[in-house]
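Enquirer:
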Amino acid sequence: AHHAERSASHACCYTGHRTGGADGAVGNTLKPHAENCAPTERRAMFPGPPTDFLRFYFVYNLTKGEQMDLRLTGKVALITGASRGLGAASARLFAAEGAHLVLTARDGETLEATASAIRAASNVQVVTTAEDLVTPGATDRIQEFAVDAFGRIDILVNSAGAAFSGNFSDISDAVWKQSFDLKFFATVSMIRAVLTVMRAQKYGRIVTIVGNAGRQPGPRSLPGSSANAALLAITSGLGEDVVEDGIFINA
Numbered sequence: 011a012h013h014a015e016r017s018a019s020h021a022c023c024y025t026g027h028r029t030g031g032a033d034g035a036v037g038n039t040l041k042p043h044a045e046n047c048a049p050t051e052r053r054a055m056f057p058g059p060p061t062d063f064l065r066f067y068f069v070y071n072l073t074k075g076e077q078m079d080l081r082l083t084g085k086v087a088l089i090t091g092a093s094r095g096l097g098a099a100s101a102r103l104f105a106a107e108g109a110h111l112v113l114t115a116r117d118g119e120t121l122e123a124t125a126s127a128i129r130a131a132s133n134v135q136v137v138t139t140a141e142d143l144v145t146p147g148a149t150d151r152i153q154e155f156a157v158d159a160f161g162r163i164d165i166l167v168n169s170a171g172a173a174f175s176g177n178f179s180d181i182s183d184a185v186w187k188q189s190f191d192l193k194f195f196a197t198v199s200m201i202r203a204v205l206t207v208m209r210a211q212k213y214g215r216i217v218t219i220v221g222n223a224g225r226q227p228g229p230r231s232l233p234g235s236s237a238n239a240a241l242l243a244i245t246s247g248l249g250e251d252v253v254e255d256g257i258f259i260n261a
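Here the sequence shown is numbered in this note's numbering, starting from 11 and rising by one per residue.
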């Protein structure tokens with residue numbers, strides 16, 4: 011517990027960096043801020059890579075019910091797949107940090123229930139728009155909705171997607187197409203729509219939630235694993251293109 015408390019106190023030592031790292035993170039990774047902490051001391055306290063350290067910090071603070079200061083107060087976060095699961099969890103975490111939310115998902119009723127619970131537990135503004143990301147024009151409508159509501163988009167969290175499993179020989183072309191339509195093509199479209207806003211404001215943070223199977227695919231989850239691997243490639247390549255506009259992208 012002593013090491014956990016000391017580790018958590020040093021979480022702000024690491025911020026975005028344009029070059030890749032060896033810890034498995036794709037996109038803009040992390041570098042130490044010497045004025046905030048000594049990297050050698052942090053390594054001694056928590057010897058894992060920076061991304062593992064931050065994952066530990068999130069879990070540790072959420073378990074204790076403590077609020078982290080990630081300097082997100084007043085930021086606007088757009089979250090897809092926000093009605094349940096990791097999308098809803100991300101929304102609660104951003105709200106706890108003071109960020110205003112634009113939440114979108116296919117199930118409008120569940121989405122609004124999630125938003126209502128967040129409004130009741132925080133002092134941030136939360137707006138929702140029910141959209142199916144694979145519908146033509148959906149991502150542009152979501153972007154316009156967010157800008158109309160808040161005037162900017164600071165953060166995009168891509169959490170929409172569905173997992174399909176089965177024997178390779180039994181998986182139909184329709185399942186493959188469905189996997190890529192939602193997880194890959196819809197995410198690419200959402201990123202493209204939001205980049206227009208982020209480039210104009212010279213600031214943006216994009217996070218795509220990608221399963222580890224994108225790096226280590228199993229034989230029974232190939233459609234989702236392939237879509238995740240494609241998203242990792244997009245993230246890695248796009249990161250170098252957008253960093254000059256003050257935009258960081260990670261998966």
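Cβ coordinates follow ideal geometry from the N, Cα and C atoms, glycine included.
Val198 and Ile244: beta carbons closer than 8 Å?
Expert: Here residue 198 refers to the residue found at position 188 of the sequence shown. Here residue 244 refers to the residue found at position 234 of the sequence shown. Contact flag set, yes.
Enquirer: From Asp251 to Arg215, what distance separates their C-alpha atoms?
Expert: Counted from its first residue, the sequence shown places residue 251 at position 241. Counted from its first residue, the sequence shown places residue 215 at position 205. The straight-line gap from Cα to Cα measures roughly 14 Å.
Enquirer: Per DSSP, what kind of secondary structure is Asn238 in: helix, strand or coil?
Expert: What you label residue 238 is simply residue 228 of the sequence shown in a count that begins at 1. Helix at Asn238.
Enquirer: Mark Pro146 as exposed unless 16 or more other C-beta atoms lie within 10 angstroms of its C-beta, in which case mark it buried.
Expert: Numbered from its first residue, the sequence shown carries residue 146 at position 136. Counting Cβ neighbours within 10 Å, Pro146 comes out exposed, since fewer than 16 surround it.
Enquirer: For Gly214, name the three-state secondary structure that DSSP assigns.
Expert: Walking along the sequence shown from the start, residue 214 turns up at place 204. Strand at Gly214.
Enquirer: Figure out for me which residue from Leu121, Thr83, Ile181, Ala148 has the closest Cα to the Cα of Thr138.
Expert: Taking the first residue of the sequence shown as 1, we reach residue 138 at position 128. Comparing Cα positions, the closest option is Leu121.
Enquirer: Quick check on the DSSP output: the alpha helix (DSSP H) that includes Val137 runs from which residue to which?
Expert: Position 127 of the sequence shown, counting from 1, holds the residue named residue 137. Careful: Val137 lies outside any alpha helix (DSSP H), inside the beta strand (DSSP E) at 136–140.
Enquirer: By DSSP, does Val69 sit in helix, in strand, or in coil?
Expert: The residue labelled residue 69 in the question sits at position 59 within the sequence shown. Because Val69 carries a pLDDT of 48, less than 50, the predicted location of this residue cannot be relied on, and the following value inherits that uncertainty. In this structure, Val69 counts as helix in the three-state DSSP scheme.
Enquirer: Rounded to whole angstroms, what's the CA-CA distance from Ile259 to Val217? Just pull it up for me.
Expert: What you label residue 259 is simply residue 249 of the sequence shown in a count that begins at 1. What you label residue 217 is simply residue 207 of the sequence shown in a count that begins at 1. Approximately 6 Å between the Cα atoms of the pair.
Enquirer: From the DSSP output, in three-state form, read off Ala115 for me.
Expert: By 1-based counting over the sequence shown, the position of residue 115 is 105. It is a strand residue.
Enquirer: Measuring CA to CA, which of Arg94, Glu154, Ala210, Glu107 is closest to Ser126?
Expert: Residue numbering aside, residue 126 sits at position 116 when the sequence shown is read from its first letter. Answer by Cα proximity: Arg94.
Enquirer: By DSSP, does Cys47 sit in helix, in strand, or in coil?
Expert: Against the sequence shown, residue 47 aligns to sequence position 37. A caution first: Cys47 carries a pLDDT of 38, below 50, which makes its placement in the model too unreliable to give a value.
Enquirer: Should the segment 148–161 be regarded as contacting the segment 173–186, the criterion being three or more beta carbon pairs within less than 8 Å?
Expert: They do not touch, by the three-pair rule.
Enquirer: Starting from Ile152, follow the alpha helix (DSSP H) in both directions and report where the run begins and ends.
Expert: By 1-based counting over the sequence shown, the position of residue 152 is 142. Start and end: 148–160.
Enquirer: DSSP state of Ala252, grouped into three classes?
Expert: The sequence position of residue 252 within the sequence shown is 242, counting from 1. Inspection of the sequence shows that residue 252 is occupied by Val rather than by Ala. In this structure, Val252 counts as helix in the three-state DSSP scheme.
Enquirer: State the Cα-Cα distance for the pair Met200 and Asp164, rounded to the nearest angstrom.
Expert: Against the sequence shown, residue 200 aligns to sequence position 190. Against the sequence shown, residue 164 aligns to sequence position 154. Approximately 14 Å, taken between the alpha carbons.
Enquirer: Go ahead and label Gln153 buried or exposed: buried means 16 or more other beta carbons lie within 10 angstroms of its beta carbon, across all protein chains shown.
Expert: Reading the sequence shown from its first residue, position 143 is the one you call residue 153. That one is buried.
Enquirer: Taking its Cβ as the centre, do 16 or more other Cβ atoms sit within 10 Å of Pro233, making it buried, or is it exposed?
Expert: Working through the sequence shown from its first residue, we reach residue 233 at position 223. Counting Cβ neighbours within 10 Å, Pro233 comes out buried, since at least 16 surround it.
Enquirer: Quick one: residues in its chain with C-beta nearer than 6 Å to the C-beta of Leu88, no 5 flanking neighbours on either side, listed in chain order?
Expert: Taking the first residue of the sequence shown as 1, we reach residue 88 at position 78. So the list reads Val112, Ala156, Ile163, Leu166, once near-sequence residues are dropped.
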